[in-house]
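Colleague: Here it is, the structure in full.
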Amino acid sequence: MIKVVAVGDVHGQWAELWRALRAAMAADAMCEPTLPVVEGRFQVVVIGDLVHYKDFETYARIVGVEYYDPSDEEQLKRAAKAQIRELYRFKHYVERAQGNVTVILGNHDEAALTHQYQLSTRGGLHHNEFNEERGGLALPKELAVWMASFPREKVFYGVQFAHAGPLPGMQIFDDFFYHDADTKQWWQHKPQLVEQTGYRFGVYGHTVMESGIHVDKEHRLAMIDALSRQQFLELFLSEERLDYRVMEF
Numbered sequence: 408m409i410k411v412v413a414v415g416d417v418h419g420q421w422a423e424l425w426r427a428l429r430a431a432m433a434a435d436a437m438c439e440p441t442l443p444v445v446e447g448r449f450q451v452v453v454i455g456d457l458v459h460y461k462d463f464e465t466y467a468r469i470v471g472v473e474y475y476d477p478s479d480e481e482q483l484k485r486a487a488k489a490q491i492r493e494l495y496r497f498k499h500y501v502e503r504a505q506g507n508v509t510v511i512l513g514n515h516d517e518a519a520l521t522h523q524y525q526l527s528t529r530g531g532l533h534h535n536e537f538n539e540e541r542g543g544l545a546l547p548k549e550l551a552v553w554m555a556s557f558p559r560e561k562v563f564y565g566v567q568f569a570h571a572g573p574l575p576g577m578q579i580f581d582d583f584f585y586h587d588a589d590t591k592q593w594w595q596h597k598p599q600l601v602e603q604t605g606y607r608f609g610v611y612g613h614t615v616m617e618s619g620i621h622v623d624k625e626h627r628l629a630m631i632d633a634l635s636r637q638q639f640l641e642l643f644l645s646e647e648r649l650d651y652r653v654m655e656f
């Protein structure tokens, strides 16, 4: 049996991520993996989107200004450097975990690497801090190579972990992904997709859960983009066992 610690979209919420990992006994006070993680008794899955803060206020706080201007090249570079520093710290943790920490590739992670799509919020916040052509700072090569290696899904004992949803098309961040309402709404209108794809249970992020982690027991899925609500999901898995609980920290 293994315990899986599943954490939702990060989006630069590094303090919350480390608090969650410590609460789960998956990281120590020095941000190192604990022995159960190193030995593989605990598996950690981060559901993607390490990069890009969620709102103007967070960007402003991080870069040290009253109002964040996403067109200001100096502010873009400061925002990039702050995230790069934390990415290196987390990369160190992952590498010390002997393969027992999985980071799923999120659409924001891929956008920071390829710049094929210019992502923004409904409030008009553009995420250009890693795009040199728009005044940002490119990810260092070793970070870019590391992030490009993230898998699009992970499966333990028939339980799927993916960024946005159970279908292969929900794991490819193309025009279809960005223009299909199902990418955000499938868990409400088509929750049977998890069962139809043959998984025992599915764990996904991408869509913010304003009220905290959403668990649909009937359709065997959990939506866990709730790090800002100080929540993560713990699962206990084996061939015979499938138990889970929402944890708060």
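Position one of the sequence shown corresponds to residue 408 (this note's numbering), numbered consecutively onward. A virtual CB, placed ideally from N, CA and C, is assigned to each residue, including glycine.
#1: In or out: M577 buried (at least 16 other Cβ within 10 Å) or exposed?
#2: For L642, which residues from the same chain have a beta carbon less than 6 Å from its beta carbon, with the 5 sequence-adjacent residues on both sides left out?
#3: Go ahead and pull the three-state DSSP assignment for Y466.
#4: Give me the Cβ distance between H613 and D462, rounded to the nearest whole Å; I'm assuming they're in contact under 8 Å.
#5: Check Y585 in the structure and name its three-state DSSP category.
#6: Are the stretch 526-535 and the stretch 597-616 touching, with three or more C-beta to C-beta distances below 8 Å?
#7: Exposed or buried, what is I631 when buried is set at 16 or more other beta-carbons lying within 10 Å of its beta-carbon?
#8: Report the rounded CA-to-CA distance for V601 versus G609, giving the unit in angstroms.
#9: Given this structure, state the Cα-to-Cα distance separating P575 from D516, to the nearest angstrom.
#10: By a C-beta neighbour count over all protein chains shown, 10 Å radius and 16 as the cutoff for buried, is L391 buried or exposed?
#11: Spatial neighbours of Y460 within its chain, please: C-beta separation below 7 Å, excluding the five flanking residues on both sides.
#12: Buried or exposed: P547, going by 16 or more other Cβ atoms within 10 Å of its Cβ?
#13: Please classify V458: does DSSP put it in a helix, a strand, or coil?
#14: I'd like the span of the alpha helix (DSSP H) that includes K624, first residue to last.
#15: From what residue to what residue does the beta strand (DSSP E) around A633 run?
#16: Beta carbon of A504, beta carbon of M654: below 9 Å?
#17: Can you list, in chain order, the residues of its chain whose CB lies under 7 Å from that of A555, leaving out five sequence neighbours each side?
#18: Which residue's Cα is closest to the Cα of Y585: S478, H596, Q525?
#19: Counting along the chain, where does the alpha helix (DSSP H) carrying L494 start and finish?
#20: So, are the CB atoms of I491 and H570 less than 9 Å apart?
#21: Are the beta-carbon atoms of V562 and Y495 separated by less than 9 Å?
#22: Look at the Cβ atom of A430, then the Cβ atom of F557, and state whether they are nearer than 9 Å.
#23: What distance in whole Å lies between the Cβ atoms of V451 and V444, which are believed to be in contact at a cut-off of 8 Å?
Modeller: Short version:
#1: buried
#2: V411, Y651
#3: helix
#4: Contact doesn't hold; Cβ gap of about 17 Å is too wide.
#5: helix
#6: no
#7: buried
#8: 6 Å
#9: 18 Å
#10: Residue numbering for the chain in the displayed model covers 408 to 656; residue 391 lies beyond these limits and cannot be assessed.
#11: H418, G419, Y466, I469
#12: exposed
#13: coil
#14: It is not in any alpha helix (DSSP H) - K624 carries neither H nor E in the DSSP assignment.
#15: Taken as a continuous stretch (DSSP letters only), A633 belongs to no beta strand (DSSP E), as it is neither H nor E.
#16: no
#17: L520
#18: Q525
#19: 480-503
#20: no
#21: no
#22: no
#23: 6 Å
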